[in-house]
Amino acid sequence: MEPEIRKIVTVTEEVRIEGGKKLARPVRMSAAIAVIKNPLAGRFEADLSLLSGDYSTQLGPMLAELAIKTLGTKPEAFGKGALVGTAGEIVHGSSIIHTPAFGGALRKVTAGAGPVPSAEKRGATGAQLDMSMRHQHDAGTLDGTRASHLFSFSVNVADAPFADEIVVVAAVADGGRPDARQD
102 MEPEIRKIVT VTEEVRIEGG KKLARPVRMS AAIAVIKNPL AGRFEADLSL
152 LSGDYSTQLG PMLAELAIKT LGTKPEAFGK GALVGTAGEI VHGSSIIHTP
202 AFGGALRKVT AGAGPVPSAE KRGATGAQLD MSMRHQHDAG TLDGTRASHL
252 FSFSVNVADA PFADEIVVVA AVADGGRPDA RQD
């Protein structure tokens with residue numbers, strides 16, 4: 102079954118000055134966002150396989166490829182997220198983004214190998230989601246982690262999610278925190 106997509110949104114941010122200092126190289130961050138109907142909104146359902154199967158398999162590659170296309174430069178960091186409308190459960194968004202299909206799609210388009218960090222929560226229409234970002238080759242442990250690439254990228258869609266929707270996000274960046282001074 103295909104997810105019912107109300108809209109696709111892309112966001113690109115390019116930071117050129119940080120802390121009053123012009124950066125040697127701007128840092129670009131991009132997110133591809135799908136606003137989808139939550140088929141489980143308003144009711145309990147033990148079986149989440151529709152979300153973790155069909156929805157994840159279709160949304161992961163589509164959003165990962167769109168995020169890379171929108172970034173327009175070589176990626177160094179990635180993240181994923183889900184913002185569930187108030188009639189849904191957080192696990193509905195988690196079921197979509199925490200799968201080999203969704204994370205694997207981001208690893209594929211970034212040539213990454215590490216675990217993809219995530220952010221998920223329930224929120225009202227227009228709520229902000231702070232995407233947790235990490236270098237695509239970090240192992241997921243403190244040893245070998247590039248602290249410069251641990252940062253967040255805030256996204257929102259002004260008219261989403263409705264109570265019965267989920268905002269699903271794939272995000273990429275071509276660098277770490279602007280003007281990071283520690284590693």
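Just so you know, we're using this note's numbering here: the sequence shown kicks off at 102 and counts up by one. From the three backbone atoms N, C-alpha and C, an ideal C-beta is built for every residue, glycine too. Computed from a predicted model, the values in this text were never measured in an experiment.
CB of residue i within 7 Å of CB of residue j, strictly
i           : j           : result
residue 166 : residue 210 : yes
residue 188 : residue 265 : yes
residue 254 : residue 102 : no
residue 279 : residue 119 : yes
residue 270 : residue 186 : no
residue 231 : residue 220 : yes
DSSP-derived helix/strand/coil call for residue i
i           : result
residue 149 : coil
residue 211 : helix
residue 270 : strand
residue 203 : helix
residue 112 : strand
residue 264 : coil
residue 119 : strand
residue 258 : coil
Reference residue i; option with closest CA among the options
i           : options            : result
residue 171 : 190, 235, 155, 113 : 113
residue 206 : 194, 163, 236, 227 : 163
residue 236 : 127, 274, 159      : 274
residue 250 : 149, 173, 223, 215 : 215
residue 142 : 155, 108, 193, 212 : 193
Residues sharing a beta bridge with residue i, DSSP
i           : result
residue 253 : 233
residue 223 : 185
residue 178 : 236, 274
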